[in-house]
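Student:
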Amino acid sequence: MVEPDRRRRQAFIDEMNGRLDYRHMRPVVAADIGAVVDREADFEYFIDRSVLPLMIRDAQRAGITLFFVRVQRRPEGGRPPGQSDALRRYVARLREYVLLRGALWRDDTGDAALTIDLYSDGDHLAREARPRYTGLFWNRVHPLLQ
């Protein structure tokens, strides 16, 4: 991985913080809703309306490799929540898109180690579970960073 100098890194962070301001976000993101309607999970339609191409471009210019992690939503009955076919297609296309552009990708969906006791409210981690989750996360991500 390329380690950019401090000034370039800070400029990149400042630019990303500006671009990722909530006023620039889409009102509906497919992965954030329970039942995905096909038209809302149309990757090809939304990709050029999103900040993702800009993030990847700016990271490449700054010499930074982006790493995208799709976190597992709160398990239901010991299993990850169901996903519509539309959501599965959307995520597959997103994965392909970022990998083809040199970014890294990890999908935690279906990871049996991510049990309900790790979660607090909604899809958020419980404070007391953070050390355990960090260990799990590092063990899965570290090999991808080599």
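Start counting the sequence shown at 64; every next residue gets the next number (our numbering). The beta-carbon is built from N, C-alpha and C at its ideal position, and this holds for glycine as well. Note that the structure is predicted; figures quoted are calculated from it, not measured.
Would you call the region 132-143 in contact with the region 168-185, where contact means no fewer than 3 C-beta pairs closer than 8 Å?
Tutor: In short, these stretches touch, since the Cβ pair count reaches three.
Student: Going by beta-carbon coordinates alone, are L199 and A189 separated by less than 9 Å?
Tutor: Taking the first residue of the sequence shown as position 1, residue 199 is located at position 136. Taking the first residue of the sequence shown as position 1, residue 189 is located at position 126. No, Cβ-Cβ distance for L199 and A189 is not below 9 Å.
Student: Whole angstroms is fine: what's the gap from V161's alpha carbon to W168's?
Tutor: Within the sequence shown, the letter at position 98 stands for residue 161. Within the sequence shown, the letter at position 105 stands for residue 168. Rounded to the nearest angstrom, the two C-alpha atoms are 7 Å apart.
Student: Using three-state DSSP, classify R112 as helix, strand or coil.
Tutor: For the purposes of this step, residue 112 is identified with residue 49 of the sequence shown, where counting begins at 1. Reduced to three states, the DSSP call for R112 is coil.
Student: What is the rounded straight-line gap between the Cα of D77 and the Cα of R71?
Tutor: Position 14 of the sequence shown, counted from the first residue, corresponds to residue 77. Position 8 of the sequence shown, counted from the first residue, corresponds to residue 71. Approximately 10 Å between the Cα atoms of the pair.
Student: At what residues does the beta strand (DSSP E) containing V26 begin and finish?
Tutor: Residue 26 is absent from the structure shown; the chain starts at 64 and stops at 209.
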